[in-house]
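Colleague:
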Amino acid sequence: MRIVLDTNVLVQALGNTKDGIVLVDPATGRNVDRAEARAEALIELVDVRGGTVLIPTPALAEYLVGIDRDFHQSHLDVINGYSCFEIVSFDQIAAVECARMVDDNELKVLDPAATKAKLRFDRQIIATALATNADEVWTHDVGLYSKAQKCGLVVKSLGDIEPAPEQLEADFD
Numbered sequence: 003m004r005i006v007l008d009t010n011v012l013v014q015a016l017g018n019t020k021d022g023i024v025l026v027d028p029a030t031g032r033n034v035d036r037a038e039a040r041a042e043a044l045i046e047l048v049d050v051r052g053g054t055v056l057i058p059t060p061a062l063a064e065y066l067v068g069i070d071r072d073f074h075q076s077h078l079d080v081i082n083g084y085s086c087f088e089i090v091s092f093d094q095i096a097a098v099e100c101a102r103m104v105d106d107n108e109l110k111v112l113d114p115a116a117t118k119a120k121l122r123f124d125r126q127i128i129a130t131a132l133a134t135n136a137d138e139v140w141t142h143d144v145g146l147y148s149k150a151q152k153c154g155l156v157v158k159s160l161g162d163i164e165p166a167p168e169q170l171e172a173d174f175d
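Numbering (the numbering used here), first residue to last: 3 to 175.
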């Protein structure tokens, strides 16, 4: 099992969520409760199955932008501390996949000067998933979700996995 996480799922997996941020399931439009716990359950599932959580470098860059620069290394240390995590580069194969994603209809409406701007992080994440033969892409980004599906990828959100049951503390007094 090889899964790709986009930035918004990576944030949940690393417990770096900001107050007031609610993830929405791109397939249903419903809010996803306990997103961090669901991300934790996902990582646990992949780890138990001996799988790999692929973190594309564009997703990593996007994640690090939201972190104070003084803490970049400590966050990288946390990521590198997970045995099932693998950071994967946007390489030559991914670049070819990214270029192939632009269909004829898009080419007709693209301004040649804007072509480079169109190759955003989302497409680089999808291209990396294709280049690494990932089994699934996990995201909450509606645009990424839709485009990844059109590219033939299995796309899921944290709404597709149940969190581990909450442990209740017993009061023995």
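C-beta atoms are modelled at their ideal positions from N, C-alpha and C, and glycine is treated no differently.
All values derive from a computational prediction rather than experimental measurement.
Going by DSSP, what residues sit across from residue 92 in a beta bridge?
Modeller: DSSP output for residue 92 lists no bridge partner at all.
Colleague: Short of 7 Å in beta carbon distance, which residues of its chain neighbour residue 38, apart from the five on each side in sequence? Order them along the chain.
Modeller: Here the set comprises 14, 17, 19.
Colleague: Distance, Cα to Cα, residue 132 vs residue 87?
Modeller: If I take the Cα positions, the gap works out to 18 Å.
Colleague: Cα-Cα, which of 94, 96, 139 is closest to residue 8?
Modeller: The option with the nearest alpha carbon to residue 8 is 139.
Colleague: Helix, strand or coil for residue 104 per DSSP?
Modeller: In the structure shown, residue 104 sits in coil (DSSP, three-state: anything other than H, G, I, E or B).
Colleague: Excluding the 5 residues preceding and the 5 following residue 123 in the sequence, name in chain order all residues of the same chain whose CB lies nearer than 6 Å to its CB.
Modeller: Answer for residue 123: 60, 64, listed in chain order.
Colleague: Can you give me the C-alpha to C-alpha distance between residue 53 and residue 100, rounded to a whole angstrom?
Modeller: Taking the straight line from one Cα to the other gives about 25 Å.
Colleague: Quick test of your reading: residue 11 and residue 127, contact by CB under 8 Å. State the CB separation rounded to the nearest angstrom.
Modeller: Not confirmed; about 11 Å, so no contact.
Colleague: For residue 95, which residues from the same chain have a beta carbon less than 6 Å from its beta carbon, with the 5 sequence-adjacent residues on both sides left out?
Modeller: Excluding positions up to five away in sequence, the list reads 133.
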